[in-house]
Every structure is written in C-alpha cells, then in structure tokens.
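A.B. asks: Going letter by letter, the sequence shown gives residues 7 to 326 in the numbering used here.
In this text, a Cβ means the ideal position worked out from N, Cα and C, and glycines have one as well.
Keep in mind that this is a model prediction, so the values were computed, not measured.
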Amino acid sequence: MKTNRPDGRRFIISCFFFIVFLCILASVNEIRFDSLLKFGKCAFNHTVPHNSSAENILVANLASENSSSNDIRILIGILTLPDHYHERHFLRLIYGTQSPVGGRVDVKFVFCNLTKEDQTVLVALEIMRYDDIIIMNCQENMNKGKTYTYFSSLPEMLNTTDGPYPPYHYVMKGDDDAYFRLQSLVDSLRPLPREDLYYGYVIPCPSMDPFVHYMSGMGYLVSWDIVEWIRDSDIPKNHLEGPEDKNFGEWLRDGHRGKNRYNAKWSMYNYPEPPTRCTHELWPDTVAVHLLKTQEKWIRTLKYFNVTQNLKPSKLYHIP
Numbered sequence: 007m008k009t010n011r012p013d014g015r016r017f018i019i020s021c022f023f024f025i026v027f028l029c030i031l032a033s034v035n036e037i038r039f040d041s042l043l044k045f046g047k048c049a050f051n052h053t054v055p056h057n058s059s060a061e062n063i064l065v066a067n068l069a070s071e072n073s074s075s076n077d078i079r080i081l082i083g084i085l086t087l088p089d090h091y092h093e094r095h096f097l098r099l100i101y102g103t104q105s106p107v108g109g110r111v112d113v114k115f116v117f118c119n120l121t122k123e124d125q126t127v128l129v130a131l132e133i134m135r136y137d138d139i140i141i142m143n144c145q146e147n148m149n150k151g152k153t154y155t156y157f158s159s160l161p162e163m164l165n166t167t168d169g170p171y172p173p174y175h176y177v178m179k180g181d182d183d184a185y186f187r188l189q190s191l192v193d194s195l196r197p198l199p200r201e202d203l204y205y206g207y208v209i210p211c212p213s214m215d216p217f218v219h220y221m222s223g224m225g226y227l228v229s230w231d232i233v234e235w236i237r238d239s240d241i242p243k244n245h246l247e248g249p250e251d252k253n254f255g256e257w258l259r260d261g262h263r264g265k266n267r268y269n270a271k272w273s274m275y276n277y278p279e280p281p282t283r284c285t286h287e288l289w290p291d292t293v294a295v296h297l298l299k300t301q302e303k304w305i306r307t308l309k310y311f312n313v314t315q316n317l318k319p320s321k322l323y324h325i326p
C-alpha cells in the first residue's frame with residue numbers, strides 16, 4: 007500500500023499550528039490572570055486595613071454587593087457622658103449583634119468636650135478601636151443645648167463631596183437607657199417619607215396625636231432636611247434651655263417643620279415596671295423599650311426578645 011503523503015503533511019502541519027495556538031492562548035490567559043492578581047492586590051492594599059483578614063475582606067465585599075442604593079441610612083446618636091465607659095461597652099454588644107436588612111444603621115455615642123486626663127486616653131482608645139464616638143464642642147449639659155449642638159453639628163461633620171447625599175436619610179437622638187430593635191425601626195421607616203419627617207413616641211402618654219405636643223426624649227427621629235434646618239434657623243438657637251425633647255417639638259412647631267409625623271406608640275414604650283400610663287407589657291411588635299435603668303431590666307428585656315438565639319453551637323462553651 008502507498009501512503010498518501012500530501013494528507014500526512016497536512017495533518018502534521020495542522021497539529022503544529024494547533025499546538026502553537028494553544029501555547030499562545032495559554033500565554034495570554036496567564037498574562038491576564040497575573041494582571042488581575044496584581045490589580046486585586048493593589049486594590050486591597052489601598053482599601054483594606056493591614057490587620058484585616060481574608061475572611062473580613064470577603065464579608066465586606068459580600069455586604070457591599072448585598073446592599074442597595076434604596077437601603078435606608080439611619081444615624082442613631084446616643085447622648086451619654088465621657089465617663090460612661092461600661093455603658094458604652096454594653097451597648098456595643100447590644101447593637102453590634104443586630105444586622106438589619108434593608109437599612110444601614112450607625113450607632114454613635116455623643117458627648118461634649120473631654121475634661122479629664124484619663125478621658126483623653128481612654129476615649130481615644132475607644133475611638134481607635136470602635137470609631138463610634140462623636141465629641142462636640144460644648145460643655146456637658148442635659149437641658150442647656152446639648153441636643154441642639156448634636157443636630158446642628160452633623161451637616162458640617164458628615165456632608166462630603168465624594169459621599170452620598172444626604173449622608174443619612176434619618177437622624178435619631180436616643181437615650182442610653184433605651185433598647186432599640188434596629189430591624190423593627192428600619193421596617194417602620196420604610197413606607198414613610200424621607201423629607202420633613204418627625205418620628206417618635208408622642209407625649210403626653212395618653213395622646214395619640216403627633217401634631218399636638220412633641221416626641222419623648224427616649225428616642226425621636228427626623229429626616230436630614232430638618233437636621234440642616236436646625237443648623238441654619240435662628241429658632242432653635244434662641245430657645246435652648248429647658249426639657250430638650252419639649253424644646254425640640256417647639257422648634258418644629260414654630261418653624262412649621264415636621265409636616266410628616268409618625269407616632270410610633272405603642273411600638274415604643276417604657277419598661278412595664280413600675281406600671282404607668284406610659285408603660286405596657288413587652289411584646290413582639292417593639293421598636294424601643296425605655297427606662298432600662300438596671301441590669302435586671304436589661305436582662306429581662308433581652309431574654310424576652312431572645313437576642314442570643316443565633317449563638318452558634320461550639321465545643322468551646324456550653325450555655326444552657
């Protein structure tokens with residue numbers, strides 16, 4: 007038999023070019039992969055702190071992908087005192103274990119200028135570790151303008167040219183003896199307007215009309231446009247002394263602000279004991295519980311809402 011030499015040559019030539027093609031393709035992909043790898047390393051080096059683990063990077067990326075531009079942005083400023091280290095650490099546990107869906111809620115601790123040497127060290131360490139403290143240029147007070155300083159200082163602190171506007175859709179002033187359930191708060195705000203909103207627990211306790219008086223100081227919330235109005239208007243500046251929550255309601259009344267109002271009663275209420283006209287039993291449809299003045303009341307409240315239900319089982323501990 008005779009071999010068909012032309013067909014054999016064609017086959018060999020075809021194989022040779024096919025092998026060359028595969029080599030080129032592999033080389034191109036290697037270059038692309040190497041470039042992507044270098045780009046990824048460069049991006050992480052510029053955006054992630056050096057002490058962040060790969061797991062933290064992954065979690066941050068997933069959180070960013072799952073967040074939506076339609077998510078509600080809320081700032082809760084808890085007015086407290088510089089020396090209340092224990093209370094702040096406890097509240098970090100309370101709010102750090104909540105992950106609301108559909109909203110980003112930032113909890114910050116708010117107080118006036120530091121006055122002691124130990125505060126300058128201990129508070130600075132807190133800021134370095136947690137970055138959740140706002141120190142305002144004022145002297146500590148309860149009813150002489152601290153709340154005004156808080157709201158009026160925020161636009162200058164938070165407005166930036168490279169961030170979203172507004173930085174927060176809503177800003178809340180909260181007490182450090184109140185427990186806020188962040189998912190319930192987000193859910194209650196979702197259908198509400200994002201402008202000219204005044205939200206909270208209507209005072210006096212029997213009242214259900216948010217347009218008559220004002221919202222309780224346990225925790226009231228306004229939209230960002232009202233925050234900017236407080237900064238710019240002379241009405242709050244000329245009316246600083248007196249019960250801060252009552253003053254706040256009068257500012258809005260005199261300035262014809264807060265045309266959209268939401269009474270969160272009875273999702274917000276005082277702790278059941280001792281019973282008053284502002285209290286009722288704990289129940290599932292709760293945004294905030296106020297007057298948690300003792301550790302016992304905090305524990306009973308947290309147990310009722312079963313806040314440790316997501317504790318992962320482990321051989322390292324046994325909690326009945």
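Look up G225 in the DSSP assignment and say whether it is helix, strand or coil.
C.D. replies: strand
A.B. asks: State buried or exposed for N276, treating a residue as buried only when at least 16 other CB atoms are found within 10 Å of its CB.
C.D. replies: By the C-beta density criterion, N276 is buried, having at least 16 other C-beta atoms within 10 angstroms.
A.B. asks: Measure the C-alpha to C-alpha separation of G206 and N269 and round it to an integer number of angstroms.
C.D. replies: Cα to Cα, G206 sits roughly 6 Å from N269.
A.B. asks: Once the 5 residues before and after R200 are set aside, which same chain residues still bring their CB inside 7 Å of it?
C.D. replies: H175, S229
A.B. asks: Does the pairing of the region 289–297 with the region 177–185 give three or more beta-carbon distances under 8 Å?
C.D. replies: yes
A.B. asks: Since I believe V116 is in contact with G83 (beta carbons under 8 Å), could you give me their beta-carbon distance rounded to a whole number of angstroms?
C.D. replies: 4 Å
A.B. asks: Taking the alpha carbon of E162 as the point to measure from, which residue in R79, R237, I139 has its own alpha carbon closest?
C.D. replies: R237
A.B. asks: DSSP puts Y220 in a beta bridge; with which residues?
C.D. replies: I209
A.B. asks: Which of the three DSSP states is assigned to E279 in this structure?
C.D. replies: E279: coil per DSSP, three-state reduction.
A.B. asks: Can you tell which of H324, Y156, D77 has the C-alpha that lies nearest to the C-alpha of I232?
C.D. replies: Y156
A.B. asks: If the criterion is Cβ atoms closer than 7 Å, does the pair Y154 and L246 meet it?
C.D. replies: yes
A.B. asks: With a threshold of 8 Å, are at least 3 pairs of Cβ atoms found where one atom belongs to the region 112–127 and the other to the region 136–152?
C.D. replies: yes
A.B. asks: Say whether the region 240–257 touches the region 274–291, bearing in mind that this needs 3 or more beta-carbon pairs closer than 8 Å, one atom from each stretch.
C.D. replies: no
A.B. asks: Which of the three DSSP states, helix, strand or coil, is assigned to F115?
C.D. replies: F115 falls in the strand class under three-state DSSP.
A.B. asks: State the CB to CB distance for the pair L258 and K179, rounded to an integer number of angstroms; the pair is presumed to be in contact (CB under 8 Å).
C.D. replies: At roughly 13 Å, the Cβ-Cβ gap does not stay under 8 Å, so L258 and K179 are not in contact.
A.B. asks: Closest to D193 by C-alpha separation, out of V293, I305, N253, would be which residue?
C.D. replies: V293
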